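S.K.: Residue numbers (this note's numbering): 1 to 424.
Built from N, CA and C at the ideal position, the CB exists for glycine as well.
None of these values were measured; they are calculated from a predicted model.
Structure provided below as structure tokens; questions to follow.
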Ligand code: HAM
């Protein structure tokens, strides 16, 4: 029996890779405009890193981590998200000494043992960004503007940005206590998971998908009515600056997020086109995280986008993959040899060219040239060699030109190179 891949972990096949490369390249381009630099961190970290940052009572840490002991009995975990590893690296390498503000982005696989379904996988990929060092609300607005800019740049417009504030260590305990009191009066209506969460992580009850929990929490106290003066001023300033730059958003005071490190602003980019996996991107401020992980008391804010979900939203949109500039169709060994030499010269020049290597008939070679959507086809057969001229056919208008074999590489390279620059 052949060996298959692991449930919830997908291959990304060549037909889909074009979309992925487009999503990744656009991130590099857009994030670069905002001054972000890429950081690459390992996929495995000490388990303790995630317990301390994401939170012991979160679903991720309680049930979803791929944790194992290595041969030296160290507990290691495949990263379930990127923020904690990036902060670990930021602290370890004292990046804060190099610059007062650090704007970082990353992309790569993450691992969560969740029940796989459309848009939810066990190995999935995130593209994320983290801005460390500034607590000014204008940075929150900048991060959201950058996120919206990215969605515009990749052409996904059926999404909406929701924002909330989760307060800070000064005001959250008060809200938590008020919420627990509210939930305790409705304990029997809550699902068993939420009955347990009520004491450990009561805010998550507001996010439960169970119908009974949804009904029980109608009219629950709003976090936004319990913000301290500092958090309230911050949240108003975020909105003011979003309005100033025309970034559209709505407020959702029931958005609680599944990770414990958040303070103040949180947000999600939501779509209606992916069923229940409706968050395409999510993030927020985490002003206490760097200190919690042993670094200086520096504020931070960031987000991560789910690449599989972005790719699903682009499924029906055409993303152009590279097509050959030239296909060299041949007949006869001498023509093949000349074509092979020409092909290698053109490729070395940076021109995408193709020829046949499997002895196909001329007709079959032309079918392949058509399928590959190449710009030009060059015919090289015995007659052409005898005449000292090859026939070049433009595949868009069908026009045919005779090209002298002498100096053919220079002529082709000039024509196709000029073509490459004009089509950029
Ligand atoms: P998160 O909400 O856990 O936040 O994940 C961010 C995004 O990753 C989600 O909105 C979703 O698009 C994608 N995602 C999460 N789990 C899966 C899955 N099982 N399958 C497919 N896609 C998934 C974080 O991870 C935070 N680190 C975000 C952040 C960065 N906050 C501040 N900085």
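1. Of the choices 130, 361, 310 and 398, whose alpha-carbon is the least far from that of residue 21?
2. Work out the CA separation of residue 202 and residue 221 for me, nearest whole Å.
3. Taking the alpha-carbon positions, what's the residue 67 to residue 54 distance?
4. Pick out the complete alpha helix (DSSP H) segments inside the segment 157-212, 4 residues or longer, and give them in chain order.
5. Give a single yes or no on whether residue 121 has its beta carbon closer than 6 Å to a heavy atom of the ligand HAM.
6. From residue 43 to residue 86, what does the alpha carbon distance come to, in whole angstroms?
7. Would you check if the segment 140-155 and the segment 65-82 touch, i.e. whether three or more CB-CB distances between them fall below 8 Å?
8. Taking the C-alpha atoms as reference points, what is the distance between residue 233 and residue 142?
9. Mind listing, in chain order, the continuous beta strand (DSSP E) runs of no fewer than 3 residues lying wholly within the segment 68-149?
10. Would you say the beta carbon of residue 332 is closer than 6 Å to some non-hydrogen atom of the ligand HAM?
11. Would residue 17 be called buried (16 or more neighbouring beta carbons within 10 Å of its own) or exposed?
12. Taking all protein chains shown into account, do 16 or more other C-beta atoms lie within 10 angstroms of the C-beta of residue 409, making it buried, or fewer, making it exposed?
13. Please tell me whether, using a cut-off of 6 Å, the distance from the CB of residue 237 to the nearest non-hydrogen atom of the ligand HAM is below it.
14. CA-CA distance, residue 109 and residue 60?
15. From residue 417 to residue 376, what distance separates their C-alpha atoms?
16. Give me the residue from 174, 195 and 403 with the minimum Cα distance to residue 184.
17. Between the alpha carbons of residue 256 and residue 19, how many angstroms are there, rounded?
M.R.: Taking the definition as stated:
1. What you label residue 21 is simply residue 21 of the chain shown in a count that begins at 1. Looking at the Cα atoms, 310 is the closest of the given residues.
2. Mapped onto the chain shown, residue 221 falls at position 221. Mapped onto the chain shown, residue 202 falls at position 202. If you take the alpha carbons of residue 221 and residue 202, they lie about 12 Å apart.
3. Here the question's residue 67 lines up with position 67 in the chain shown. Here the question's residue 54 lines up with position 54 in the chain shown. Whole-angstrom Cα-Cα distance: 15 Å.
4. 172-184 and 192-200
5. By one-based count along the chain shown, residue 121 stands at place 121. Residue 121 Cβ: within cutoff of the ligand HAM.
6. As a first step, residue 43 is located in the chain shown; it is residue number 43 there, counting from the start. As a first step, residue 86 is located in the chain shown; it is residue number 86 there, counting from the start. Distance between the alpha carbons of residue 43 and residue 86: 11 Å.
7. no
8. Taking the first residue of the chain shown as 1, we reach residue 233 at position 233. Taking the first residue of the chain shown as 1, we reach residue 142 at position 142. Distance between the alpha carbons of residue 233 and residue 142: 17 Å.
9. 75-78, 102-111 and 123-132
10. Against the chain shown, residue 332 aligns to sequence position 332. For the ligand HAM, not one heavy atom lies less than 6 Å from the Cβ of residue 332.
11. As a working mapping, residue 17 is identified with position 17 in the chain shown. Residue 17 is exposed by the Cβ-count criterion.
12. Counted from its first residue, the chain shown places residue 409 at position 409. By the 10 Å Cβ count, residue 409 comes out exposed.
13. On the chain shown, residue 237 is found 237 positions in, with the first residue counted as 1. No, the ligand HAM has no heavy atom inside 6 Å of this Cβ.
14. As a first step, residue 109 is located in the chain shown; it is residue number 109 there, counting from the start. As a first step, residue 60 is located in the chain shown; it is residue number 60 there, counting from the start. If you take the alpha carbons of residue 109 and residue 60, they lie about 16 Å apart.
15. Working through the chain shown from its first residue, we reach residue 417 at position 417. Working through the chain shown from its first residue, we reach residue 376 at position 376. Those two C-alpha atoms are separated by around 13 Å.
16. Counting from 1 along the chain shown, the entry for residue 184 is found at position 184. Checked all of 174, 195 and 403; the closest Cα to residue 184 is 195.
17. Mapped onto the chain shown, residue 256 falls at position 256. Mapped onto the chain shown, residue 19 falls at position 19. Approximately 31 Å between the Cα atoms of the pair.
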